[in-house]
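Line by line, the protein sequences are chains H and Y. If you count the first sequence from 1, position 254 lands on 254 in the working numbering, and the numbers rise without skipping. Heads up, the working numbering is the position in the second sequence plus 1000, with the first residue counted as 1. C-beta atoms are modelled at their ideal positions from N, C-alpha and C, and glycine is treated no differently.
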Amino acid sequence: MNHSRRRLATVGGLALAATLAFTACSASGDGSGDTNGAEGELTPVKLQLQWLPQGQFAGYFAAQELGYFEEEGLDVEIIPSGGDIVPQDALANGDVDYAIAWVPKVLGSIEQGANLTDIAQIFQRSGTLQVSWADSGIDSVADFEGKKIGSWGFGNEWEIFAAMAEEGLDSTTVQIITQDFNMNAFLQGDIDAAQAMTYNEYAQLLESANPDTGELYQPEDFNVISYEDTAGAMLQDAIWADTERLETDEEYQETTVAFLKAVIKGWIYAAENPEEASEITIAAGSGWGPSHELWMVNETNKLIWPSPDGIGIIDEAAWDKTVAGALAAVNESGARLITEEPPATAWSNEWIQQALDELEGEGLDLTGEGFEPIDVTLEEGGN
Amino acid sequence: MREQTETAVTDAPDVAMRDASAPARDTRPPRRARGGRRLATWLWGLAGIVAIALIWEVYKLLGPADGVVIGGARVLPRTTDLAMPHVWDMAGRLAEPVTRSASAQPLWLVIVLAALTTLGIAAAGWLVGLVVGVGLALVMQRWRIAEWGLLPWIVLSQTVPLIAFAPVVKSWGSRVEIGAFEWQDWMSVALIASYLAFFPIAVGALKGLQSPDVIHEELMQTYAAGYWQTLVKLRFPAAVPYLLPALRLGAANAVVGAVVAEVSTGLQGGIGRILIQFAGQASGDPAKAWGPIFGAVVLGLVAAGSVALLGVILKNYRRTEEAA
């Protein structure tokens, strides 16, 4: 009797644990699946980001949170990426409708057969830096030869090689060290010059404590090479669409313009309200501390604004420079990113221009004439 | 006559079992002694944790700042605060809020909630792995030709790297929509977890189902027991000692699979996600990155412990289980 009662209690406990666990996971699953709301007229749209939710994508989250997508008749699901989800692959496979990705990476995919079009060049400038210690003697790309150069790999490394190719340097002399998610390898001396985005990893350095002084590292502790100032600069965050659907699917064309209009409004909001935009991003699941998040939104704004031709317009000169860099770049093992010019369908200003035209007269600052970055003070650990 | 055979069949294994387990039952120590031993087990476990913390701090204190490098390879880690935060810093960090933001929860709570999410997904994956694994084992046990045909593929399935597998599962999943049922992202993760979990279960269950002696099978035949009766009365009880370690392995695999798949597919809410999220903050806040690691360790223990509970329920059948 006692025996079977104990067994019953165990079974009961197990069942309870299982129920709890399932409730936990169904609760978390509901959040993303809540897309088929009451308003049936909204067009469902899936947007694939290239990393976790963070200030780099503040404009999209702002457009979502403030209802700009809904105003345009869209029900947008923003899908963060993880380690192995490649945005342009997800788009080419038809899993999503639009994707955010760097231009050189997608150029590689296009040469492999993907049929994609850059419909809006959100980032007008490259935000990639190569950071070394102030006393390292690495002041320019010309000093890279023979050094341990950090990069994240996965297509993030091509600016390094494009810049080296321009200087006539032999890329096989550098040792490429794969960086992980933080700057510890650089801080501990395993890397001579580490790759850093202005909006993320550079801030990680400035919010880390210098063990010698106990204070945070200061900008003067580092040499910073900005690829934007080199021939290696490449276009980064762009919105990509499916070329074939753009050409044949009228509904997709309309959705594209509506989507771009909402995105433009979202980024204008982020430019004018960086604090609020960073809070929206945190609420959307970004795990950064408030000061790091605000820094990220502010630095991202600097990469977007001003956009003299209107936000998202692809500057042909910058595109050509990116293609030239991608053609010239040879990596440390002698491989190339692309071997021929991408097709003319790889970019188009048609849709973003239409979106800008439709927004004309709404009193929006579409070129960022009045954009003023703010000053952000980073706290230790980004908190 | 027929009825008589039925009863005989029902009774036979029970008798056999009673015979075998009787001596074991008699040699069991009295209840109080067992309680004392259980306490001792916990104390030893605790002592182990304290010992690890001590080794950590002693090495941090005495070890060279740059670690120990032999022939260009670092065999012992650096002892800087960046690489090895103090034990008390890591523990203290757990009690502090995740970020300075007003809505931030304490770090430990965030980790516990994430770990529960992952546990739920891993449990779902483990259950699927259990059903698939035992199903495959049944088919392979029933038909020798199925064993020859399936077993190599089952082994081969485990050589597919997760990094190649995860995006494909996610991509397929995003297309599944049957009526009101829509494939959720967590299901992709659970599927990947089940993919890792079913392997030890299938192999263990097959070994267990094949384990009864020929003499026992023949005894069942003399009782005129059919396939199902033999299965329920003989093979399943005999498989338990093989199945339990396999289930424990499967549970550990499911947890690892769920965490890796979360990272891989970018699923929000689980421990895999905060693992990479906080890893990105490890330069400015080294102690924080260790939180999810501890969470993942506890998660694995809880998963394996849940299977131990199963063992309690099935303890009558565990006469011959090897320690695993």
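Legend entry - Extent of the continuous alpha helix (DSSP H) run through Asp244 of chain H: Position 244 of the first sequence, counted from the first residue, corresponds to residue 244 of chain H. The displayed chain sequence assigns Glu, not Asp, to residue 244 of chain H. Start and end: Thr243 to Thr248.
Legend entry - Complete alpha helix (DSSP H) runs within the stretch 52-108 of chain H (minimum length 4 residues, chain order): 58-65, 68-71 and 87-92
Legend entry - Residue closest to Leu235 of chain H, alpha-carbon to alpha-carbon, out of H:Glu380, H:Ser136, H:Glu201 and H:Ala317: By 1-based counting over the first sequence, the position of residue 235 of chain H is 235. Cα-wise, what sits closest to Leu235 of chain H is H:Ala317.
Legend entry - Chain-ordered chain Y contacts of Ser208 of chain H [CB-CB under 7 Å]: Residue 208 of chain H sits at position 208 when you count from the first residue of the first sequence. Those within 7 Å of Ser208 of chain H in chain Y are Ser1283 and Gly1284.
Legend entry - is_contact[Asp365 of chain H, chain Y] using C-beta, thresh 7 Å: Mapped onto the first sequence, residue 365 of chain H falls at position 365. Closer than 7 Å: no.
Inset, instruction - Kindly indicate if chain H contains any beta-carbon less than 7 Å away from that of Ile1163 of chain Y. - result: Your numbering for residue 1163 of chain Y matches position 163 in the second sequence. Closer than 7 Å to some Cβ of chain H, the Cβ of Ile1163 of chain Y qualifies, so yes.
Inset, instruction - Establish whether the CB of Ser81 of chain H and some CB of chain Y are separated by less than 7 Å. - result: Position 81 of the first sequence holds residue 81 of chain H. By this cut-off, Ser81 of chain H is an interface position.
Legend entry - Neighbourhood of Leu206 of chain H by C-beta, 8 Å cutoff - its chain only, sequence neighbours within 5 removed: Reading the first sequence from its first residue, position 206 is the one you call residue 206 of chain H. Excluding positions up to five away in sequence, the list reads Leu216, Tyr217, Gln218, Pro219 and Leu378.
Inset, instruction - Return yes when at least one heavy atom of the ligand ADP lies under 6 Å from the C-beta of Val1312 of chain Y, else no. - result: Because no ligand of any kind appears in the structure shown, any question about the ligand ADP cannot be addressed here.
Inset, instruction - Could you check if Val1214 of chain Y is buried or exposed, using at least 16 other CB atoms within 10 Å of its CB as the buried criterion? - result: Counted from its first residue, the second sequence places residue 1214 of chain Y at position 214. Answer is exposed; the Cβ neighbour count stays below 16.
Inset, instruction - Round the Cβ separation of Met296 of chain H and Tyr199 of chain H to the nearest angstrom and send it over; I've been treating them as touching at under 8 Å. - result: Here residue 296 of chain H refers to the residue found at position 296 when the first sequence is read from its first residue. Here residue 199 of chain H refers to the residue found at position 199 when the first sequence is read from its first residue. Yes, they are in contact, since the Cβ atoms of Met296 of chain H and Tyr199 of chain H sit about 5 Å apart, within 8 Å.
Legend entry - Nearest-angstrom Cα separation, counted from Asp190 of chain H out to Asn1316 of chain Y: Residue 1316 of chain Y sits at position 316 when you count from the first residue of the second sequence. Residue 190 of chain H sits at position 190 when you count from the first residue of the first sequence. Going from the Cα of Asn1316 of chain Y to the Cα of Asp190 of chain H covers about 57 Å.
Inset, instruction - Please state if the CB of Pro53 of chain H and the CB of Pro80 of chain H are separated by a distance shorter than 7 Å. - result: As a first step, residue 80 of chain H is located in the first sequence; it is residue number 80 there, counting from the start. As a first step, residue 53 of chain H is located in the first sequence; it is residue number 53 there, counting from the start. It is a contact, given that the beta carbons lie within the stated cut-off.
Legend entry - is_contact[Ile177 of chain H, chain Y] using C-beta, thresh 7 Å: The residue you call residue 177 of chain H lines up with position 177 of the first sequence. Not an interface residue.
Legend entry - Unbroken beta strand (DSSP E) run spanning Met197 of chain H, endpoints: Within the first sequence, the letter at position 197 stands for residue 197 of chain H. Here the beta strand (DSSP E) through Met197 of chain H covers Ala193 to Met197.
Inset, instruction - Could you have a look at Asn298 of chain H and say whether DSSP puts it in helix, strand or coil? - result: Here residue 298 of chain H corresponds to residue number 298 of the first sequence, with the count starting at 1. If DSSP states are grouped into helix, strand and coil, Asn298 of chain H belongs with the helices.
Legend entry - Alpha carbon of Thr1041 of chain Y to alpha carbon of Gly1035 of chain Y, nearest angstrom: To locate residue 1041 of chain Y, count along the second sequence from 1; it is residue 41. To locate residue 1035 of chain Y, count along the second sequence from 1; it is residue 35. Near 10 Å, if we compare the C-alpha coordinates of Gly1035 of chain Y and Thr1041 of chain Y.
Inset, instruction - Could you spell out where the beta strand (DSSP E) holding Pro44 of chain H opens and where it closes? - result: As a working mapping, residue 44 of chain H is identified with position 44 in the first sequence. Looking at the DSSP string, the run of the beta strand (DSSP E) that includes Pro44 of chain H is Thr43 to Gln48.
Legend entry - Close-in-space but distant-in-sequence residues of the same chain around Gly1291 of chain Y (CB under 7 Å, 5 per side omitted): Start at 1 with the first residue of the second sequence, and residue 1291 of chain Y comes out as number 291. So the list reads Arg1093, Leu1094, Leu1107, Ile1111 and Phe1278, once near-sequence residues are dropped.
Inset, instruction - Output yes if chain H places a C-beta closer than 7 Å to the C-beta of Val1263 of chain Y; else output no. - result: As a working note, residue 1263 of chain Y is residue 263 in the second sequence. Cβ-Cβ to chain H under 7 Å: yes for Val1263 of chain Y.
Legend entry - Proximal chain H residues relative to Phe972 of chain Y, where beta-carbon distance stays under 8 Å: No information on residue 972 of chain Y is available, as it lies outside the stretch 1001 to 1324 that chain Y covers here.
Inset, instruction - Give every residue of the same chain whose Cβ lies closer than 7 Å to the Cβ of Gly150 of chain H, excluding the five residues on either side of it in the sequence, and list them in chain order. - result: Indexing the first sequence from 1 puts residue 150 of chain H at position 150. Here the set comprises Ile177, Gln179, Ala185, Phe186, Ile191, Ala193, Ala194 and Gln195.
Inset, instruction - Measure from the C-beta of Asp95 of chain H to each C-beta in chain Y and report whether the shortest distance is under 7 Å. - result: Mapped onto the first sequence, residue 95 of chain H falls at position 95. True, the Cβ-Cβ gap to chain Y drops below 7 Å.
Inset, instruction - Could you tell me if Thr322 of chain H is buried or exposed, where buried requires 16 or more neighbouring beta carbons within 10 angstroms of its beta carbon? - result: By one-based count along the first sequence, residue 322 of chain H stands at place 322. Flag for Thr322 of chain H reads buried.
Inset, instruction - Check each candidate in Y:Val1260, Y:Arg1144, Y:Thr1079 and Y:Ala1091 and name the one with the smallest Cα separation from Ala1164 of chain Y. - result: Here residue 1164 of chain Y refers to the residue found at position 164 of the second sequence. Checking every option, the nearest Cα to that of Ala1164 of chain Y belongs to Y:Val1260.
Legend entry - Thr117 of chain H - containing beta strand (DSSP E), residue span: Position 117 of the first sequence, counted from the first residue, corresponds to residue 117 of chain H. Looking at the DSSP string, the run of the beta strand (DSSP E) that includes Thr117 of chain H is Leu116 to Ala120.
Legend entry - Cβ of Met296 of chain H within 7 Å of any chain Y Cβ: As a first step, residue 296 of chain H is located in the first sequence; it is residue number 296 there, counting from the start. By this cut-off, Met296 of chain H is not an interface position.
Legend entry - Residue closest to Glu380 of chain H, alpha-carbon to alpha-carbon, out of H:Glu65, H:Gln112, H:Glu332 and H:His292: Translated into positions along the first sequence, residue 380 of chain H becomes position 380. That would be H:His292, whose Cα lies nearest to the Cα of Glu380 of chain H.
Inset, instruction - Inspect the beta-carbon positions of Lys46 of chain H and Val96 of chain H and report whether they are closer than 7 Å. - result: Stepping through the first sequence from its first residue, residue 46 of chain H is reached at position 46. Stepping through the first sequence from its first residue, residue 96 of chain H is reached at position 96. Going by C-beta atoms, Lys46 of chain H is nearer than 7 Å to Val96 of chain H.
Inset, instruction - Put Asn349 of chain H into one of helix, strand or coil per three-state DSSP. - result: Locating residue 349 of chain H in the first sequence gives position 349, counting from the first residue. Residue state, collapsed to three classes: coil.
Legend entry - Coil, strand or helix - Lys147 of chain H by DSSP: Taking the first residue of the first sequence as 1, we reach residue 147 of chain H at position 147. Three-state DSSP puts Lys147 of chain H in coil, outside helix and strand.
Inset, instruction - May I ask you to list the residues that DSSP assigns as paired with Ala1073 of chain Y? - result: Stepping through the second sequence from its first residue, residue 1073 of chain Y is reached at position 73. In the DSSP output, where bridge partners are listed per residue, Ala1073 of chain Y has Y:Ile1070.
Inset, instruction - Check distances from the C-beta atoms of the stretch 162-189 of chain H to those of chain Y and list, in chain order, the residues that come in under 9 Å. - result: Asp180, Phe181, Asn182, Met183, Asn184, Phe186, Leu187, Gln188 and Gly189
Legend entry - Proximal residues, the stretch 1085-1110 of chain Y versus chain H, C-beta separation under 7 Å: Thr1099, Arg1100 and Ser1101
Inset, instruction - Tell me whether Ala24 of chain H sits in a helix, a strand or coil according to DSSP, three-state version. - result: On the first sequence, residue 24 of chain H is found 24 positions in, with the first residue counted as 1. Annotation note: pLDDT 46 at Ala24 of chain H (below 50); position unreliable, no value reported.
Legend entry - Range of the contiguous beta strand (DSSP E) that encloses Gln175 of chain H: For this step, residue 175 of chain H is matched to residue 175 along the first sequence. Here the beta strand (DSSP E) through Gln175 of chain H covers Gln175 to Thr178.
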